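The UniProt record's numbering puts the sequence shown at residues 1 to 528. Ideal Cβ positions, reconstructed from N, Cα and C, are used throughout, including at glycine. This structure is a prediction, so every number in the text was calculated from the model and none was measured. Worksheet: the structure to be examined is printed underneath.
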Amino acid sequence: MSRGEHLDLHEPIDQGESARELLDIEIPQSPPAELLYMLLPEPSMGDGPHHHIRWPDHISNKAFERMMTSLLDGDCKGQLFHQYSICVYVKAMFHLYQLARRSTNPAVKKQLQKSKRTYEAAALQALKHINLISTPSLSLIQALISAALLMQHTTNISQCWLLNSYAARQIISLNYHKPCSPPSQSGCNDEIQSAVYWCFYLDRTTSALLIRHPSLTELNAPPTGFITTNISSPYNKLLLVLLDLAKVQGTLLDITLNDSDKSRSRIFEIFQGVQERMDRVYSSLQETRSAISGPALYDWVAADFSYYAIYVDMLRTRLGYDGSPATHSDCLVYSRRALRAFHYLQEHVDHMPGFNDPEPSFLTWTIALYPAAPFFVVFCNIIATSDETDYRLVQQIIKGLSQFKATPYLARLLSLLTSLLRLCDPLFHNMDYQNRQSHMTEEGPSSTQAPPNHVPTNTSVPAFETELTQGLGPQLSSTAYTTYMSADVSEQGVGDACYPMADDLMWQLVNSQFPYSWLGADAILDIF
């Protein structure tokens, strides 16, 4: 099984809520005026940084106002009407994600989710009317990128890639991939550049996940050079990080798809450049996190997961050329960090943007969008070294995911993780008994009382599991999260870990991805 080959499970999966079912929702004839009022910039006491925690996208406030007023005035007809409709509905849907994290009232969240479902259904309905062979235009590019983001947030990565690829071809046909400066007073250049870097981000991220050739050509300038600075958004620097990570994914994908035309020395030069870029990205993440407070901090944790997952993918790619013990050890260390960051998000799901029904929204921009390599690496370490800490960590992740509805994607994910964990179960069947015997021998028969803070070994919660959860407080602070991540047992077992990479079956597991079929929901929408 070569790199990127996908595992497959032949188990019946219960069908959860699909996007097709959303089409049964009553959809307004045109976007209602409430969207304009809801998405107008909020009043603030100043123009300083971090006044707005609205996640940026390719539709600026000025562009949104233009689209929305045109829709309300009835000035746009035909294709332009459907293109604008997709853009405003998707933007409104993602704005509700942020509103949901601010409210603790279940009734309010229920109404927000109801509105989100309506906007999602309306966007899907408008998408059915888009003519993909119409004359290329900025508005069509914006609609296609909005539709791609919508597909990403329904865990339909395959159609996300497809729609974004159409946007990429239109960008190239209009020469938008060449940076334009200075921006015109109309702001059109800003809109073009926003469309270009969002298209680049989706293109490189989804192409890497699907192991497909990118659709958007290499840009004449770094993708981060297309971003217009917005000091009012705390997310501006985080967006720069995501673009840098997308650039790394594109480089790794090129090695995977085109390694035959590169010398071994050239490949190692590329790896060195990727390593240096990842080091800069890590420094930027640390620096920007220290300046952030409040709910937005959880988005930096999600970025941490993305960073570690891509770092593991880089190391896993390098293992094909450099099987040194140091590379193996680093692969395990960063895989553990990725899983711990994911577990942190899982334990604080109510503070994340979006909704938890039918499945947590944060899955769509973490494990459903970035490489699953960390999970497979940790499973390999459990099998190779019988590491109980890793085993319990995966157990907790599976337990956390099991509390949500079994949508098709989540059901498949749980089925795979549970199946892999079952492979490890025999390694730990006798561990509790052995621990109890060792505990009795050390204490002697006269010991009748456990010391303070001791977790009895005959329970299902080991002592190190208590250590794992100590950093999972109800509120997040930059310092608390840093302490949580630095207190992990990353080095445990690394020195003794002897990965049986020569074993073909073990190498297949490390080199696996989730099945392609998972990344495209069941006939979510017949566009063509």
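Just curious, the alpha helix (DSSP H) that Glu287 is in, first and last residue? In the sequence shown, residue 287 corresponds to position 287, counting from 1. Arg264 to Arg289 is the span of the alpha helix (DSSP H), which, as asked, contains Glu287.
Same chain, Cβ closer than 6 angstroms to Ala126, neighbours up to 5 away in sequence not counted: Along the sequence shown, read from residue 1 onward, the residue named residue 126 stands at position 126. The answer, listed in chain order, is His82, Ser85 and Ile86.
Rounded to the nearest angstrom, how far is the Cβ of Arg101 from that of Pro295, given a contact under 8 angstroms? Reading the sequence shown from its first residue, position 101 is the one you call residue 101. Reading the sequence shown from its first residue, position 295 is the one you call residue 295. Contact flag correct, Cβ pair sits at about 5 angstroms.
So, with DSSP's three-state summary, where would you put Trp161? What you label residue 161 is simply residue 161 of the sequence shown in a count that begins at 1. Trp161: helix per DSSP, three-state reduction.
Helix, strand or coil for Gln396, going by three-state DSSP, please let me know. Taking the first residue of the sequence shown as 1, we reach residue 396 at position 396. Reduced to three states, the DSSP call for Gln396 is helix.
Own chain partners of Ser335 with C-beta closer than 6 angstroms, once the 5 adjacent residues on each side are dropped: The residue you call residue 335 lines up with position 335 of the sequence shown. Once the five neighbours on either side are set aside, the close Cβ partners of Ser335 are Val312, Pro374, Val377 and Val378.
Can you tell me which of the three DSSP states Ser134 falls into? Reading the sequence shown from its first residue, position 134 is the one you call residue 134. The answer is coil: DSSP assigns Ser134 none of H, G, I, E or B.
As assigned by DSSP and simplified to three states, the class of Asn156: Looking up residue 156 in the sequence shown gives position 156. The answer is coil: DSSP assigns Asn156 none of H, G, I, E or B.
Thr327 versus Ser207: straight-line alpha-carbon distance, rounded: Numbered from 1 along the sequence shown, position 327 holds the residue referred to as residue 327. Numbered from 1 along the sequence shown, position 207 holds the residue referred to as residue 207. Roughly 25 angstroms separates the two Cα atoms.
Collapsed DSSP secondary structure at Val461 in the structure displayed: Your numbering for residue 461 matches position 461 in the sequence shown. At Val461 the pLDDT is 43, less than 50, meaning the model places this residue with poor confidence; the figure from the coordinates comes in the next sentence. Note: Val461 maps to coil in three-state DSSP.
Would DSSP call Ala195 helix, strand or coil? Reading the sequence shown from its first residue, position 195 is the one you call residue 195. In the structure shown, Ala195 sits in a helix (DSSP, three-state: H, G or I).
Report all residues from its chain with a CB closer than 6 angstroms to the CB of Ser386; omit the five preceding and five following residues, and keep chain order. Sequence index remark: in the sequence shown, residue 386 carries index 386 (1-based). Only Leu427 meet the Cβ criterion.
Beta-carbon proximity of Tyr321 to Arg392, cut-off 8 angstroms: Against the sequence shown, residue 321 aligns to sequence position 321. Against the sequence shown, residue 392 aligns to sequence position 392. No; because the gap between Cβ atoms is not below 8 angstroms, this pair is not in contact.
Once DSSP output is grouped into helix, strand and coil, what is the label at Ala221? As a working note, residue 221 is residue 221 in the sequence shown. Ala221: coil per DSSP, three-state reduction.
Exposed or buried, what is Ala147 when buried is set at 16 or more other beta-carbons lying within 10 Å of its beta-carbon? By one-based count along the sequence shown, residue 147 stands at place 147. It is buried - the Cβ of Ala147 has at least 16 other Cβ atoms within 10 Å.
Is Leu369 closer than 8 angstroms to Thr205 when the C-beta atoms are compared? Translated into positions along the sequence shown, residue 205 becomes position 205. Translated into positions along the sequence shown, residue 369 becomes position 369. Yes, these two residues count as a Cβ contact at 8 angstroms.
Among Leu162, Asp57, Ser293 and Arg169, whose alpha-carbon lies nearest the alpha-carbon of Arg212? The residue labelled residue 212 in the question sits at position 212 within the sequence shown. When the alpha-carbon of Arg212 is set against those of Leu162, Asp57, Ser293 and Arg169, the nearest one is in Leu162.
Which of the three DSSP states, helix, strand or coil, is assigned to Ala368? For the purposes of this step, residue 368 is taken as residue 368 along the sequence shown, with counting starting at 1. Reduced to three states, the DSSP call for Ala368 is coil.
Pick helix, strand or coil for Leu99, following the three-state DSSP scheme. Stepping through the sequence shown from its first residue, residue 99 is reached at position 99. In this structure, Leu99 counts as helix in the three-state DSSP scheme.
Spatial neighbours of Trp198 in its chain, beta-carbon cut-off 6 angstroms, leaving aside the 5 residues before and after: Here residue 198 corresponds to residue number 198 of the sequence shown, with the count starting at 1. Within the same chain, Trp198 has close Cβ partners His58 and Ile145.
Label His429 either buried or exposed according to how many other C-beta atoms from any shown protein chain fall within 10 Å of its C-beta, with 16 as the threshold for buried. Along the sequence shown, one-based indexing puts residue 429 at 429. With fewer than 16 Cβ atoms within 10 Å of its Cβ, His429 is classed as exposed.
Compare the C-alpha of Tyr298 against each of Trp55, Glu26 and Pro31 and name the closest. On the sequence shown, position 298 is the one that residue 298 refers to. Out of Trp55, Glu26 and Pro31, Trp55 has the C-alpha closest to the C-alpha of Tyr298.
Between the stretch 113-120 and the stretch 161-176, do at least 3 Cβ pairs fall closer than 8 angstroms? no
Tell me the DSSP secondary structure of Trp55 in three-state form. One-based indexing of the sequence shown puts residue 55 at position 55. Under the three-state reduction of DSSP, Trp55 is assigned to coil, being neither helix nor strand.
Take every Cβ of the stretch 338-349, pair it with every Cβ of the stretch 300-309, and state whether three or more of those distances are shorter than 8 angstroms. yes
Let me check understanding here. Comparing Cα to Cα, which of Asp304, Ser165, Glu26 and Asn131 lies closest to Tyr119? By 1-based counting over the sequence shown, the position of residue 119 is 119. The shortest C-alpha separation from Tyr119 is found at Glu26.
So, with DSSP's three-state summary, where would you put Lys110? Within the sequence shown, the letter at position 110 stands for residue 110. Lys110: helix per DSSP, three-state reduction.
Quick check on the burial criterion: 16 or more other C-beta atoms within 10 angstroms. Buried or exposed for Val248? Translated into positions along the sequence shown, residue 248 becomes position 248. So Val248 counts as buried.
Going by Cα to Cα distance, which pick from Leu124, Leu252, Arg422 and Leu332 is closest to Gln272? In the sequence shown, residue 272 corresponds to position 272, counting from 1. Gln272 has its Cα closest to that of Leu252, out of Leu124, Leu252, Arg422 and Leu332.
Can the beta-carbon of Leu245 be found closer than 8 angstroms to that of Trp300? Here residue 245 refers to the residue found at position 245 when the sequence shown is read from its first residue. Here residue 300 refers to the residue found at position 300 when the sequence shown is read from its first residue. No. Outside cutoff.
When DSSP labels each residue in this structure, what does Asn381 get in the three-state scheme? Walking along the sequence shown from the start, residue 381 turns up at place 381. The answer is helix: DSSP assigns Asn381 an H, G or I state.
Burial state of His343, where buried means 16 or more other Cβ atoms lie within 10 Å: Position 343 of the sequence shown, counted from the first residue, corresponds to residue 343. Label assigned to His343: buried.
Take Leu80 as the anchor and find which of Asn105, Met68 and Ser139 has the nearest alpha-carbon. Counting from 1 along the sequence shown, the entry for residue 80 is found at position 80. Among Asn105, Met68 and Ser139, the Cα nearest to that of Leu80 is on Ser139.
Buried or exposed for Gln403, going by 16 or more other Cβ atoms inside 10 Å? Locating residue 403 in the sequence shown gives position 403, where the first residue counts as 1. So Gln403 ends up on the exposed side.
Starting from the C-beta of Ala143, find all residues in its chain whose C-beta is less than 7 angstroms away, skip the five residues before and the five after it, and write them out in chain order. Position 143 of the sequence shown, counted from the start, is the residue given in the question as residue 143. Closer than 7 angstroms at Cβ, skipping near neighbours: Gln83, Ile86, Cys87 and Ile130.
If I measure Cβ to Cβ from Ala167 and keep anything under 6 angstroms in the same chain, skipping five residues before and after, which residues do I get? As a position in the sequence shown, residue 167 is number 167, starting the count at 1. Counting only residues of its own chain and dropping the five nearest sequence neighbours on each side, Ala167 has a CB closer than 6 angstroms to the CB of Ile141, Leu144, Ile145 and Cys199.
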